[in-house]
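Q: From first to last, the protein sequence lines are chains B and Y. Following my numbering, the numbering of the first sequence begins with 1 at its first residue and continues without gaps. Following my numbering, the numbering of the second sequence begins with 440 at its first residue and continues without gaps. All C-beta atoms in this analysis are idealised placements derived from N, C-alpha and C, irrespective of residue type, glycine included.
2 protein chains.
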Amino acid sequence: MPKITDFSLHDLRFPTSKTMAGSDAMNPDGDYSAAYVELHTDDPDLSGHGYTFTIGRGNDLCLAAMDKLAPKLVGVELSEMTANLGKWWRVLAGDTQMRWVGPEKGVTHLALAGVMNAVWDMWGKSEGKPVWRLAAEMPAEQLADTVDYRHISDAITRDEAVAIIAANHQHREARIAELIARGYPAYTTSAGWLGYSDEKIRTLCRQAIADGWNAIKIKVGRDLKDDIRRCRVVREEIGPDRLMMIDANQVWEIDQAIDWVKALAGSNPYWIEEPVSPDDILGHRRIKEAIAPIKVATGEHCHNRIMFKQFLQADALDIVQFDNCRLGSVNETLAVQLMAAKFGTPVCPHAGGVGLCEVGQHVAMMDYLCVSGRMDDRMLEHAGQLQEHFVNPIRIEGGRYMVPEQPGFSTEIKLQSRKDYSYPEGSYWRGEMDSRAQA
Amino acid sequence: MPKITDFSLHDLRFPTSKTMAGSDAMNPDGDYSAAYVELHTDDPDLSGHGYTFTIGRGNDLCLAAMDKLAPKLVGVELSEMTANLGKWWRVLAGDTQMRWVGPEKGVTHLALAGVMNAVWDMWGKSEGKPVWRLAAEMPAEQLADTVDYRHISDAITRDEAVAIIAANHQHREARIAELIARGYPAYTTSAGWLGYSDEKIRTLCRQAIADGWNAIKIKVGRDLKDDIRRCRVVREEIGPDRLMMIDANQVWEIDQAIDWVKALAGSNPYWIEEPVSPDDILGHRRIKEAIAPIKVATGEHCHNRIMFKQFLQADALDIVQFDNCRLGSVNETLAVQLMAAKFGTPVCPHAGGVGLCEVGQHVAMMDYLCVSGRMDDRMLEHAGQLQEHFVNPIRIEGGRYMVPEQPGFSTEIKLQSRKDYSYPEGSYWRGEMDSRAQA
């Protein structure tokens, strides 16, 4: 069996702040970045690629943390890990000194996600399966054992998890066939970044409809009058039946959120996303109670399974939007999916950025195949940028994600892209610095 | 007015894991560490010293984050900052790219605390006052403006803060005189680390009583039978009237915590500290309801004011135990003190480690002078180690903290200690490596 022998780290940054693609009320100038790790093995044909996602400064902090976590896996056989991956997850999450600077949150947890993404990629490749299929076809016990139930056992136990997963197995072949034929539902965020003009939004909405999208999200929260106008523009373009979602990226206070969303209600938004601080469980509950039937969605900044547990227990959100690179990879997104299924709350993962669509598609399909068994009330985010850098990019058809077919987690970035966008020494960034020096 | 011109960073680690001082059920082998920053000014006699506290690995991550935050202050005049320090706090907490790897939690927030601690030290020194006196004697508006009210305005507004602070001013001189005469109440954690034998605990309890301590905390959570015995040992030694607190350092699940604490109830513990995950607000509430009248205390890992807001709103704790180095320095501990005063909940700050007693004493005295106006139901933690490294160490008399009189925040570590314990190049650590190489 292959054994992990070494690892390499890469600070990859893409200059998205130049085009305002990605601009929102809290994050106006993100340079989409990947803190990228490759785990090497004693099999020259097998390595695992993983990353966490950041928006620029701070990417190096995640790499520095990975540089402390990844050595724990060097010398370990893959089969030893996959026999009980949750135990190994806890080894990384529970370092007796590192834990203090978390625990299970911020830089160190983002780093954990990146390293574990690489492990899942390696596992899939070693079995010759994409991760969604790997998860669907392994024994229920083994999949349940990828989760660390510490501090969530009041909401979900390992036995309950096994039962939920096993109950899905009887539908497996039919659901896989359906996914292959029709793909997984999605929505697009590409039309409504805050830096875009009305005219650009209009053009992008028309393009989105032509491409088959039935759900579109736009950014709000900088100026109320602007938002009222921009929401009207979108609603005019997409008609009364398609879904429009709005996203404030945490900029409001609670009462302000309630007032603002009510002022936009005329354009019939489906959900408001991240209205306030991502830590404010009780605040989200107050907003949810005040603005129903408009739904409350949050999760891209929700830092671990213990926070999601409380969001569900407190009935504080309508839509779970975890991010596979902020939670600790599949091990923790699965924990949240299991709890969400128990509480009857749909999961619509956060994606976009660089590489979040790639991992998100596997995780969303796992939810259908192994946990909730539903696609009718859920969809995966899509933001169409930077896919050209991936060896196995996502495929979108008619506003749906087609199943990834290559073994692994779709996480491998092309070698040339890794060279060009390495920060600060890659050719792109050297060119930037040269032109600044000349200016 | 002085202007910040430069900064220097030091990775200081003390080998506390060797003696088991500091060992608990979650953190068995901490090497108490300071990610230390010195802010230099154009006045050769004025600099600001600050740090955040960690327990070893990960200390360098905090320094790497400080290396991104501190440059934002270079070139800034101190008076420009102190005119509205809350605004500057948000500049550091709200970096548009760094925010993604928090926000306001984990490595980046610990780093923010360290940098802001250095600013408070510099401010105190520039006015020739210890920080507790600086805070007590500045206008109520200026002190209120050190806080960032973002995402807590549903619990406390700037106007309410001004009113609370101003109402305390009339008692200022009498309270300062009382503090100088009698000091601030405290309890000791030095007797009951998990690595200690019963005999050592017994000896340390006797010593503590002889030294005037009336409240003693011990670590629990590794083995129930051991804990029952160890709690009995302490209760036997300290008698029925002194307080005994117990601390589980997050190791339990919720029902387990309830059962375990009930099994120790015979020894009459005053509070149980950190029974479960520090993120689990609703879990703490369940425990609090189940074990009353034993109190629930938490906060040393509670990562920001938004989490404390919810603990208070949900009535999920009896004792607020924030840590000045995990929250973003005085700016954020003051925010929590103001909310706690409004909710009527006592604050007993976390201290110990290296340097937490030094900053904690200022913050605790600020609570008495500027916020709650009470000392009868609160006390500051004390763990008597590593004080010898400080230029202005704490002074304990009869189980109480005597007021620090030197200007600044008591944060300056002796130059020789900074040299000896710099990691890995200081003489102590070089000696360790040499002896390991020889072994």
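Give a yes or no on whether 8 Å exceeds the smallest Cβ distance from Thr-521 of chain Y to chain B.
A: Translated into the one-based positions of the second sequence, residue 521 of chain Y becomes position 82. Not an interface residue.
Q: Closer than 8 Å, Cβ to any Cβ of chain B: which residues of the segment 516-550 of chain Y, in chain order?
A: Residues passing the 8 Å Cβ filter: Asp-534, Thr-535, Gln-536, Met-537, Arg-538, Trp-539, Val-540, Gly-541, Pro-542, Glu-543, Lys-544, Gly-545, Val-546, Thr-547, His-548, Leu-549.
Q: Can you give me the start and stop residues for the beta strand (DSSP E) that Gly-487 of chain Y sits inside?
A: On the second sequence, residue 487 of chain Y is found 48 positions in, with the first residue counted as 1. Run containing Gly-487 of chain Y: 486-493, per the beta strand (DSSP E) assignment.
Q: What are the boundary residues of the beta strand (DSSP E) that Ile-246 of chain B is part of?
A: In the first sequence, the residue the question calls residue 246 of chain B occupies position 246. Per DSSP, Ile-246 of chain B belongs to the beta strand (DSSP E) from 243-247.
Q: Would you mind reading off the limits of the alpha helix (DSSP H) that contains Phe-343 of chain B?
A: The count along the first sequence starts at 1 and reaches residue 343 of chain B at position 343. Segment 329-343, the alpha helix (DSSP H) holding Phe-343 of chain B.
Q: Can you give me the C-alpha to C-alpha distance between Gly-360 of chain B and Thr-333 of chain B, rounded to a whole angstrom?
A: Translated into the one-based positions of the first sequence, residue 360 of chain B becomes position 360. Translated into the one-based positions of the first sequence, residue 333 of chain B becomes position 333. If I take the Cα positions, the gap works out to 10 Å.
Q: Quick check on the burial criterion: 16 or more other C-beta atoms within 10 angstroms. Buried or exposed for Leu-854 of chain Y?
A: Your numbering for residue 854 of chain Y matches position 415 in the second sequence. With fewer than 16 Cβ atoms within 10 Å of its Cβ, Leu-854 of chain Y is classed as exposed.
Q: Could you tell me which of B:Arg-13, B:Leu-9, B:Gln-337 sits nearest to His-389 of chain B, measuring between CA atoms?
A: Along the first sequence, one-based indexing puts residue 389 of chain B at 389. Here the closest residue by C-alpha is B:Arg-13.
Q: Is Ile-254 of chain B closer than 8 Å to Ile-287 of chain B when the C-beta atoms are compared?
A: Translated into positions along the first sequence, residue 287 of chain B becomes position 287. Translated into positions along the first sequence, residue 254 of chain B becomes position 254. It is a contact, given that the beta carbons lie within the stated cut-off.
Q: Residues of the segment 16-31 of chain B with a CB closer than 8 Å to any CB of chain Y: list them in chain order, please.
A: For the segment 16-31 of chain B, which is checked against every Cβ of chain Y, the residues closer than 8 Å are Met-26, Asn-27, Pro-28, Asp-29, Gly-30, Asp-31.
Q: Against chain Y, with Cβ distances strictly below 8 Å, would Gly-283 of chain B count as a contact?
A: Here residue 283 of chain B refers to the residue found at position 283 of the first sequence. Interface residue, yes.
Q: Is the separation between the beta-carbon of Pro-846 of chain Y and that of Pro-483 of chain Y shorter than 8 Å?
A: The count along the second sequence starts at 1 and reaches residue 846 of chain Y at position 407. The count along the second sequence starts at 1 and reaches residue 483 of chain Y at position 44. Taking 8 Å as the Cβ cut-off, Pro-846 of chain Y and Pro-483 of chain Y do not qualify as a contacting pair.
Q: Smallest Cα separation from Val-479 of chain B: which of B:Gly-398, B:Arg-230, B:Asn-214?
A: Since the first residue shown for chain B is 1 and the last is 439, residue 479 of chain B is missing from the structure and cannot be characterised.
Q: Between the Cα of Ile-180 of chain B and those of B:Ile-291, B:Phe-53, B:Tyr-368, spot the shortest distance and give me the residue it belongs to.
A: Residue numbering aside, residue 180 of chain B sits at position 180 when the first sequence is read from its first letter. Considering only alpha carbons, the answer is B:Tyr-368.
Q: Whose C-alpha, out of B:Arg-57, B:Ala-335, B:Asp-376, is nearest the C-alpha of Trp-89 of chain B?
A: Counting from 1 along the first sequence, the entry for residue 89 of chain B is found at position 89. Out of B:Arg-57, B:Ala-335, B:Asp-376, B:Ala-335 has the C-alpha closest to the C-alpha of Trp-89 of chain B.
Q: Can you grab the Cα-Cα spacing for the pair Asp-306 of chain B / Lys-262 of chain B, in whole Å?
A: Reading the first sequence from its first residue, position 306 is the one you call residue 306 of chain B. Reading the first sequence from its first residue, position 262 is the one you call residue 262 of chain B. As written in the sequence, residue 306 of chain B is Ile, which differs from the Asp given in the question. When rounded, the distance between both Cα atoms is 30 Å.
Q: Give a single yes or no on whether Val-775 of chain Y has its beta carbon closer than 7 Å to a heavy atom of the ligand ADP.
A: Summarising the ligand content, the structure contains no ligands, and the ligand ADP is consequently not present.
Q: Report the three-state DSSP secondary structure of Tyr-860 of chain Y (helix, strand or coil).
A: Locating residue 860 of chain Y in the second sequence gives position 421, counting from the first residue. It is coil, neither helix nor strand.
Q: According to the neighbour-count rule (16 or more other Cβ atoms, all chains shown, within 10 Å of its Cβ), is Glu-173 of chain B buried or exposed?
A: Within the first sequence, residue 173 of chain B is the residue found at index 173, counting from 1. Glu-173 of chain B should be labelled exposed.
Q: To which residues does DSSP link Pro-569 of chain Y through a beta bridge?
A: The sequence position of residue 569 of chain Y within the second sequence is 130, counting from 1. BP columns for Pro-569 of chain Y point to Y:Gly-847.
Q: Out of Y:Asp-680, Y:Arg-674, Y:Ile-730, which has the shortest C-alpha to C-alpha gap to Asp-698 of chain Y?
A: Start at 1 with the first residue of the second sequence, and residue 698 of chain Y comes out as number 259. Ranking Y:Asp-680, Y:Arg-674, Y:Ile-730 by Cα distance to Asp-698 of chain Y puts Y:Ile-730 first.
Q: What residues from the segment 291-312 of chain B come within 9 Å of chain Y, judged by C-beta to C-beta, listed N to C?
A: Here the close residues are His-301, His-303, Asn-304, Ile-306, Met-307, Lys-309, Gln-310.
Q: Do Asn-770 of chain Y and Gly-461 of chain Y count as a contact pair if the criterion is CB distance below 8 Å?
A: Here the question's residue 461 of chain Y lines up with position 22 in the second sequence. Here the question's residue 770 of chain Y lines up with position 331 in the second sequence. No, Cβ-Cβ distance for Gly-461 of chain Y and Asn-770 of chain Y is not below 8 Å.
Q: Count the other C-beta atoms from every protein chain shown that fall within 10 angstroms of the C-beta of Ala-921 of chain Y, then say buried if there are 16 or more, exposed otherwise.
A: Any question about residue 921 of chain Y goes unanswered here, given that chain Y covers just 440 to 878.
Q: Which residues in chain Y have a C-beta closer than 8 Å to the C-beta of Asp-280 of chain B? List them in chain order.
A: Here residue 280 of chain B refers to the residue found at position 280 of the first sequence. Those are His-590, Ile-745, Lys-748, Gln-749, listed as they occur along chain Y.
Q: Relative to the alpha-carbon of Ile-758 of chain Y, which residue among Y:Val-842, Y:Met-778, Y:Gly-767 has its alpha-carbon at the smallest distance?
A: The residue you call residue 758 of chain Y lines up with position 319 of the second sequence. Checked all of Y:Val-842, Y:Met-778, Y:Gly-767; the closest Cα to Ile-758 of chain Y is Y:Met-778.
Q: Tell me where the beta strand (DSSP E) around Ala-167 of chain B begins and ends.
A: Translated into the one-based positions of the first sequence, residue 167 of chain B becomes position 167. Counting along the chain, Ala-167 of chain B falls outside any beta strand (DSSP E), though it belongs to the alpha helix (DSSP H) covering 158-169.
Q: Grab me the residues of Gly-469 of chain Y's own chain with a C-beta within less than 7 Å of its C-beta, minus the 5 sequence neighbours each way, in chain order.
A: As a working note, residue 469 of chain Y is residue 30 in the second sequence. Hits under 7 Å: Thr-455, Ser-456, Gly-461, Ile-494, Gly-495.
Q: Pick helix, strand or coil for His-362 of chain B, following the three-state DSSP scheme.
A: By one-based count along the first sequence, residue 362 of chain B stands at place 362. Helix, per DSSP.
Q: By the 10 Å Cβ neighbour count, where 16 or more other Cβ atoms means buried, how is Pro-843 of chain Y classified, buried or exposed?
A: As a first step, residue 843 of chain Y must be located in the second sequence, where it is residue number 404. Pro-843 of chain Y is buried by the Cβ-count criterion.
Q: Of the residues that make up the segment 335-366 of chain B, which ones have a beta carbon closer than 7 Å to any beta carbon in chain Y?
A: Flagged: no residues at all.
Q: Is the segment 152-165 of chain B touching the segment 346-355 of chain B, taking contact as three or more C-beta pairs under 8 Å?
A: Flag = no, the segment 152-165 of chain B and the segment 346-355 of chain B do not touch.
Q: Does the beta carbon of Ala-314 of chain B come closer than 8 Å to any beta carbon on chain Y?
A: Here residue 314 of chain B refers to the residue found at position 314 of the first sequence. Taking Cβ atoms only, chain Y reaches closer than 8 Å to Ala-314 of chain B, which makes this a yes.
Q: Closer than 6 Å by C-beta to Ala-579 of chain Y: which residues in its own chain qualify, once you throw out the five before and the five after it? Chain order, please.
A: Counting from 1 along the second sequence, the entry for residue 579 of chain Y is found at position 140. Correct list, in chain order: Val-601, Ile-604, Ala-605.
Q: Quick check on the DSSP output: the beta strand (DSSP E) that includes Val-735 of chain Y runs from which residue to which?
A: As a first step, residue 735 of chain Y is located in the second sequence; it is residue number 296 there, counting from the start. Note, Val-735 of chain Y: beta strand (DSSP E), 734-737.
Q: Bridge partners for Ser-372 of chain B per DSSP, in chain order?
A: Start at 1 with the first residue of the first sequence, and residue 372 of chain B comes out as number 372. The partner list for Ser-372 of chain B (beta bridge, DSSP) is empty, contrary to what the question assumes.
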